[in-house]
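Below: the structure, in structure tokens.
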Amino acid sequence: MARKNKDTTASGDAKPKKVKKQRWYHQVWAAYKMTREQDPNVTWVMAATAAGIIALAAIIGVLWGHPVYMLVVGVPFALLGAMFVLTRRAERAAYTRIEGQPGAARSALGTIRRGWTFDEEPVEFDPRTKDAVFRGVGRHGIVLVTEGPSTRVKKLVDAEQRRINRVLPNVPVTVIQCGNGEGQVPLPKVARRVQKLKPSLTKPEVAEILKRLKALGAKKLPIPKGVDPMRARPDRKGMRGGR
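This is the structure we're talking about:
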């Protein structure tokens, strides 16, 4: 009995195994597999880029009189070139994978690392058409990013602008329509369009805007669970070899 209690105590005190941290090369491999599914030519483009850099290094080495030295120098640059190609193509593949799904615009906005704060869920949503409006706050002011045809989302945008004007009448509000229609911004360019907006507010003013919007409260919308599709955001740090 004593032995049984001892074993029970030992097993009870046993600490759960730690989940192994994913290494950067695992992230690179996962990004490569995902990219290859959407872009089968990525392997050949990466190889051609690496080969071109090595060939250029060899030519420079021959002309300089140090071919071996330049080849040694050229190999890491060739790897960097291949990784650069993978990063760009992986980003494009990630956008292709989620384009057209509800929440794709919010997923793209998630690549903005600093300077903007976006709500995880849309502030306006139409459960029938899946049109949505996402709201962000930054030093430019408030930005509303829409999903859906221009004619349909106008009603949702107008409703959100009325809510904002009640508590923040003097804050600039910019509307960016995400899509492939006329006057809309394609999904891969949405984040860059937001980042190009010129700042006009101070950090304390941004904090006050966030505070007032929080006090305004969120509308109870019939939003499907997991509106952010697979959270498929390009991991640039991992593909650059970051830990």
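Residue numbers 1 to 243, in this note's numbering, belong to the letters of the sequence shown in order.
Beta carbons are placed, not taken as given, at the ideal position from N, Cα and C, and that holds for glycine.
My output table needs one value for T174: the three-state DSSP class, helix, strand or coil. In the structure shown, T174 adopts extended strand secondary structure according to DSSP, grouped into three states.
According to DSSP, simplified to helix, strand and coil, what is G138? Three-state result, G138: strand.
Note down, in chain order, each residue of its chain lying with its Cβ closer than 6 Å to the Cβ of P78, except the 5 sequence neighbours on either side. Residue identity check: residue 78 is Ala in the sequence provided, not Pro. Once the five neighbours on either side are set aside, the close Cβ partners of A78 are A50, I53 and I54.
Same chain, Cβ closer than 8 Å to A232, five either side skipped, listed in chain order: Any answer about A232 is weak, because its pLDDT of 44 lies below 50 and its placement is not dependable; what the coordinates show is given next. Take A232, set aside five residues on each side of it, and the residues of its chain with a beta-carbon closer than 8 Å to its own are A94, R97, I98 and S107, in chain order.
DSSP-derived helix/strand/coil call for V133: Three-state DSSP puts V133 in a strand.
With distances taken from CA atoms, which of K214, A207, K33 and L187 is nearest T111? Measuring from the Cα of T111, the nearest candidate turns out to be L187.
Please report the distance separating the alpha-carbon of V194 from that of M70. Going from the Cα of V194 to the Cα of M70 covers about 42 Å.
Straight-line Cα distance separating A104 from P127: One C-alpha to the other measures close to 16 Å.
L168, DSSP secondary structure in three states: Coil at L168, not helix or strand.
Cα-Cα separation between L86 and V45, rounded to whole angstroms: Between the alpha carbons of L86 and V45 lies a gap of roughly 9 Å.
A132 versus L144, H140 and V28, residue with shortest Cα-Cα distance: Answer by Cα proximity: L144.
Extent of the continuous alpha helix (DSSP H) run through T43: It spans V42 to W64 - the alpha helix (DSSP H) in which T43 sits, taken as one unbroken run.
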